[in-house]
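The structure appears right after this line, and notes come after that.
Printed below as a string of structure tokens:
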């Protein structure tokens, strides 16, 4: 594979600006020449550092809110989390779709198409974020009722949601587009620097100024604004890159928008599905009248988000390698990337599950002083952790299809795992009581992973058959 990559000349970079962009092209060309194992390790480490940094913020934010305001405020923040997940789903949709086009375009030597894809990515996200802000603020009270905010929790949830919605346009820095051209360090910076700002702002605003849950919301918006500012500088002002976004690239382009949405929609539906799963779990727990279980679930969600960040990092690190090598016609390198990434995500998930089974008690105790709540939280953590070895498989296989520009199988996996597995299973099991609801999480992860692997095997068989038919002509 290394000889194959070295033997192929880099495709011509049409429309680039010569020596001033050589550095940017070097970063991009490495995606098709360096050994796959080292590349995947490098990209996965950078993306894991990025998302793990955010995971650290999620945990510290939960700690600051729980200790500085109270457990009701933490439940309120968790209830509003579906709004943040919706914003994340929109940014991931256009980010993944745009990154897939950018990677394949740069691999095929077409920087103009890459610039147009990136510009339309910005356009779609900004339009959607403004629409979410306006509708969310106008319908805030009905939205809080729908999310299950009641009593004292509703007041905290109102304050938090109001600020988060007002700043929704800052909710992404498009690190996926940066990774698509091989700029791993800057992609990591887009996560690390804003999160450091948030970690500094939270205690200052919550404890120092006494703003309570509003301080947590302003801390989040402040960090996001830093990320947005960095991305605007990178895409519109920096010159040492393989392409530049111009005003013309910000105009809607039908074919680009259709491909961007088609490839990115599975990520949107997966994010929307995660929002729906959290919504259903919160509402079923509220209906069961178990406030301790609500608090335990709120903490467990934060811990799971942090612990599984490396699986997200592996999937995101895989994407530019598969996209670029697919664009260059190096199918063997793309497949090798997928195999190594799949092994890594299963091994990590298994190790993480074992670690949490051991460390659940002290971890749960760090978030509450109440022994009963801590004991219940540890129990929930252990049950959800049983699904960790399988959780990364579904997302990774869906990302593989997106990176190759194959929207349909990715869509089937993303929608099917939520609508056909997670939601029905959680709803059905919850009627037997809270313990059965927790069992639904690992069971759904296992069934979803099996389904994803079946779809992957079928898609590979059809692709191999098509390749054999083409060669026999």
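Numbering (my numbering), first residue to last: 142 to 614.
Cβ atoms here follow ideal geometry from the backbone N, Cα and C, with glycine treated the same way.
Reduced DSSP category for residue i - H, G, I as helix; E, B as strand; rest coil
i           : result
residue 379 : coil
residue 332 : helix
residue 429 : coil
residue 300 : helix
residue 98  : Here the chain comprises residues numbered 142 to 614, so residue 98 is not present and cannot be evaluated.
residue 449 : coil
residue 210 : coil
residue 350 : coil
residue 386 : coil
residue 393 : coil
residue 574 : coil
residue 249 : coil
residue 414 : helix
residue 324 : coil
residue 477 : helix
residue 97  : There is no way to answer for residue 97, as the model of the chain reaches only from 142 to 614.
residue 176 : coil
residue 155 : Here residue 155 scores only 38 on pLDDT, less than 50, and its place in the model should not be relied on; the value that follows carries that caveat. Three-state DSSP puts residue 155 in coil, outside helix and strand.
residue 291 : coil
Supposed close pair residue i, residue j - CB separation, criterion 8 Å
i           : j           : result
residue 590 : residue 535 : 5 Å
residue 361 : residue 305 : 7 Å
residue 518 : residue 440 : 5 Å
residue 262 : residue 318 : 6 Å
residue 418 : residue 559 : 7 Å
residue 523 : residue 501 : 5 Å
residue 420 : residue 288 : 7 Å
residue 597 : residue 538 : 5 Å
residue 183 : residue 325 : 7 Å
residue 562 : residue 585 : 5 Å
residue 234 : residue 509 : Residue 234 to residue 509, Cβ: 36 Å. No contact.
residue 452 : residue 490 : 6 Å
Contact set for residue i: own chain, Cβ-Cβ below 7 Å, skip 5 residues either direction
i           : result
residue 178 : 481
residue 258 : 239, 242, 243, 246, 397, 401
residue 216 : 294, 435, 436, 439
residue 463 : 475, 478, 479, 541, 544, 545
residue 556 : 410
residue 376 : 259, 386
residue 514 : 433, 436, 437
residue 564 : 417, 418, 421
residue 338 : 363, 364, 367
Close beta carbons around residue i, own chain, < 8 Å, minus the five adjacent residues each side
i           : result
residue 425 : 567, 568, 571, 578
residue 277 : 224, 284, 302, 306, 309
residue 497 : 444, 448, 504, 522, 523, 526, 529
residue 281 : 299, 302, 303, 306
residue 203 : 215, 218, 439, 440, 443, 508
residue 611 : Caution applies to residue 611, whose pLDDT of 43 falls short of 50 and renders its modelled position unreliable; the value that the coordinates give is listed next. So the list is empty, once near-sequence residues are dropped.
residue 350 : 356
residue 600 : 542, 547, 550
Residues near residue i in its chain [Cβ-Cβ closer than 6 Å; skip 5 each side]
i           : result
residue 255 : 243, 246, 247, 384
residue 454 : 185, 188, 189, 192
residue 194 : 332, 333, 336
residue 358 : 301, 304, 305
residue 298 : 217, 220, 221, 285, 290
residue 228 : 309, 312
residue 356 : 346, 347
residue 111 : Not covered by the structure: residue 111. The range shown for the chain is 142 to 614.
residue 210 : 353, 354
residue 165 : Bear in mind that a pLDDT of 48 at residue 165, under 50, signals an unreliable position, so the model cannot answer this.
residue 588 : 562
residue 616 : Since the displayed the chain opens at 142 and closes at 614, residue 616 lies outside it and no answer follows.
N-terminal and C-terminal residue of the alpha helix (DSSP H) that residue i is part of
i           : result
residue 309 : No alpha helix (DSSP H) holds residue 309; DSSP gives it neither H nor E.
residue 542 : 529-544
residue 316 : 316-321
residue 684 : Because the chain here runs from 142 to 614, residue 684 falls outside it and cannot be looked at.
residue 274 : 252-279
residue 569 : 564-571
Residue i CB to nearest heavy atom of the ligand GTP below 8 Å
i           : result
residue 276 : In the structure on display, the ligand GTP does not appear, and there are no ligands present to speak of.
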